[in-house]
């Protein structure tokens, strides 16, 4: 457990306000309020922001920057309540998370800002900082309450003002400065601070970063670097997330909001490429084209979790993940509707023989005929697989007047008037239209081959929107060429291009009445956004709280939020006696347990223990040292 540094009583923390304590520059926000109704509002705001940036990076003097901005603002005392309310909602996330550090160290924390006390004091005191420890400018008003300037006697209104304030404070001890601007660095340059931390959670100024002793992507990182109490057991800026295959931008946004270090790559990676990329990655996000093998996992030195931004997980070695204590999550429902709609659309297009007619039209051929064109009403739809997609397709198909039959290896409750077939052979013989919706397990390879096509009706419509290896492609080609299959819709293939730049090569190309789509069954904006929200949500619950609800390989535990405790997460091989050994350690050190949760599956056990915050470092080491321990994490 991390505790306060031995020198904490003699360390002082100088913290900037604008773009550090808050996510924004307060005068920029004041301009947004004071200039409402002005036709040139956007132009003036751009000017104010540009002046702010020039002043913060040291291109112009602070006094000049402040003067120019106040002249443009045309602000009034009456605008300040709205400004304060806005800033209350703009406090930096890592400062919100670490309110306890701010309040516990209030004697040693100083807010030194070139901003203004009128709005700074209400904001910082809400997180425990003392009003008397705020050093900032003050506004000057005219008789109507209009803001016309600043107190020129205040050292913070002049160049080098922050250094002068620190000099006047005459602090006896270590001095650490946290800020995003050049004026914060000047304190260090004046010899008045031991370290300058460039704070980059909200804005990154290259000229400031290059001057820093350390870069602090968040307050968590600063506290971690100095072995101080913090809200997170490990700064999220040190948690690397790798997202592949063009996952939806909302996923990137969610991870970045949490403070994670995110890398994105557009295409899939092969095994060797992934081995190189996965080093030091804690969270991996993939879709269907990236294969995570045991060999890849052997090089994943920090990997805690994998998110499959799709339905299937057959591209991931789940056994190897479980052995290494890596939780895997997927999106079993998020794109269901999109796949169903594609299936219905293709069924209608194929049974109406629309594709050949459309192709002929493009060649100038007018073939107005009802030959080989049928309605779907009254036709028998056979579903191979009756999971999330199969059941929803069943409901929609019935609404169109189709008779629905299904076969599933697992006993499933029929929805509506759907009828279950006892065997796959029975279903194949009955159906006018066959649609595959099975999972991607290896046993399903070539589930539909020459024998199965022989059992089907002549002129059957055939769809595979599930997994590429389920259908024997040469057998399907043969069935189409012989007329056994009158039309086919195929969205998935045994071999698929890794990127959009590679040529798609397959024997199904150029066959009549065949719709080929590039694995886009779930590729709608709605589905991808749903997946982009759902999968990161599960990953964040696991990383932040330890919850494994929805994991495909871990025992499922939905945990309460962590409050006033430290949470110890212990993943171990499922052998008898582990929980007893853990509790013996807690008893040995007289640790009060607030809550304990255990669940197992065939391979592993997962124990979560919430304990009182005060305990010896040896407890963690002994828990890690228990035989059969796979992985241990600490949350607080």
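Numbering (this note's numbering), first residue to last: 1 to 636.
All C-beta atoms, glycine included, are put in the ideal place defined by N, C-alpha and C.
Between the C-alpha atoms of residue i and residue j, what's the straight-line distance to the nearest angstrom?
i	j	result
residue 34	residue 71	12 Å
residue 574	residue 616	27 Å
residue 465	residue 321	27 Å
residue 1	residue 614	Confidence at residue 1 is low in this model, with a pLDDT of 31, below 50, so the placement of that residue should be treated as unreliable; the coordinate-derived value is given next. Taking the straight line from one Cα to the other gives about 8 Å.
residue 289	residue 603	27 Å
residue 137	residue 152	9 Å
residue 361	residue 500	28 Å
residue 502	residue 217	38 Å
residue 335	residue 439	15 Å
residue 359	residue 546	54 Å
residue 162	residue 107	19 Å
residue 476	residue 509	12 Å
residue 424	residue 495	26 Å
residue 46	residue 559	47 Å
residue 114	residue 130	18 Å
residue 271	residue 519	21 Å
residue 621	residue 600	23 Å
residue 51	residue 25	11 Å
residue 469	residue 100	55 Å
residue 104	residue 528	44 Å
residue 20	residue 285	30 Å
residue 254	residue 260	9 Å
residue 209	residue 175	19 Å
Would you kindly report the start and end of the unbroken beta strand (DSSP E) that includes residue i?
i	result
residue 309	Element bounds for residue 309: n/a, residue is neither H nor E.
residue 117	Note, residue 117: premise wrong, no beta strand (DSSP E); alpha helix (DSSP H) at 117–125.
residue 263	261–264
residue 185	Not the beta strand (DSSP E): residue 185 falls in the alpha helix (DSSP H), residues 182–189.
residue 606	604–611
residue 386	Unbroken run through residue 386: none, as it is neither H nor E.
residue 85	Note, residue 85: premise wrong, no beta strand (DSSP E); alpha helix (DSSP H) at 80–88.
With a threshold of 6 Å on Cβ separation, who are the neighbours of residue i within its own chain once the five nearest residues in sequence on each side are excluded?
i	result
residue 84	119, 122
residue 393	340, 343
residue 448	471
residue 8	In this prediction, residue 8 scores a pLDDT of 43, lower than 50, which makes its location untrustworthy; the coordinate-derived value is nonetheless stated afterwards. Nothing meets the Cβ criterion.
residue 594	565, 610
residue 184	16, 177
residue 650	Lying outside 1 to 636, the shown extent of the chain, residue 650 is not represented and no answer is given.
residue 213	195, 196
residue 612	592
Could you check how far apart the C-beta atoms of residue i and residue j are, in whole angstroms? I think they sit under 8 Å.
i	j	result
residue 48	residue 325	Not quite, the Cβ-Cβ distance comes to about 51 Å (not below 8 Å), so this is no contact.
residue 240	residue 220	Rounded, the Cβ-Cβ distance is 15 Å, inconsistent with contact.
residue 428	residue 452	6 Å
residue 278	residue 303	7 Å
residue 14	residue 187	7 Å
residue 419	residue 444	With 8 Å as the limit, residue 419 and residue 444 do not qualify as a contact, their Cβ atoms being about 23 Å apart.
residue 363	residue 432	Rounded, the Cβ-Cβ distance is 30 Å, inconsistent with contact.
For residue i, which residues from the same chain have a beta carbon less than 7 Å from its beta carbon, with the 5 sequence-adjacent residues on both sides left out?
i	result
residue 390	383, 406, 437
residue 579	598, 607
residue 539	283, 305, 307, 329
residue 387	437
residue 41	35
residue 548	327, 542, 554, 555, 556, 557, 606
residue 173	10, 11, 12
Taking Cβ positions, are residue i and residue j nearer each other than 9 Å?
i	j	result
residue 649	residue 205	As displayed, the chain neither begins before 1 nor continues past 636, which places residue 649 out of reach and without an answer.
residue 177	residue 16	yes
residue 57	residue 159	no
residue 531	residue 247	yes
residue 534	residue 300	no
residue 375	residue 351	yes
residue 463	residue 486	no
residue 434	residue 460	yes
residue 198	residue 180	yes
residue 74	residue 189	no
residue 623	residue 585	yes
residue 22	residue 65	no
residue 572	residue 626	yes
residue 140	residue 150	yes
residue 422	residue 454	no
Can you find the residues in the same chain that come closer than 8 Å, C-beta to C-beta, to residue i, ignoring five residues on each side of it along the sequence?
i	result
residue 3	Only weak support is given to the placement of residue 3: the predicted model assigns it a pLDDT of 34, under 50, and the value that follows is read from those uncertain coordinates. Hits under 8 Å: 227, 229.
residue 29	83, 86, 87, 90
residue 589	615, 616, 618, 619
residue 6	Confidence is the limiting factor: at residue 6 the pLDDT is only 39, short of 50, which leaves the residue's position unreliable, though a coordinate-based value still follows. If we look at residue 6 and ignore the five residues flanking it on each side, it has no Cβ neighbours.
What residue does the alpha helix (DSSP H) around residue i start on, and which one ends it?
i	result
residue 435	Run containing residue 435: none in the alpha helix (DSSP H); it sits in the beta strand (DSSP E), 433–436.
residue 298	294–298
residue 549	Where residue 549 is concerned, there is no enclosing alpha helix (DSSP H), given that its DSSP letter is neither H nor E.
Does chain B have any CB closer than 9 Å to the CB of residue i?
i	result
residue 297	Among the protein chains of the structure shown there is no chain B, as only one such chain exists.
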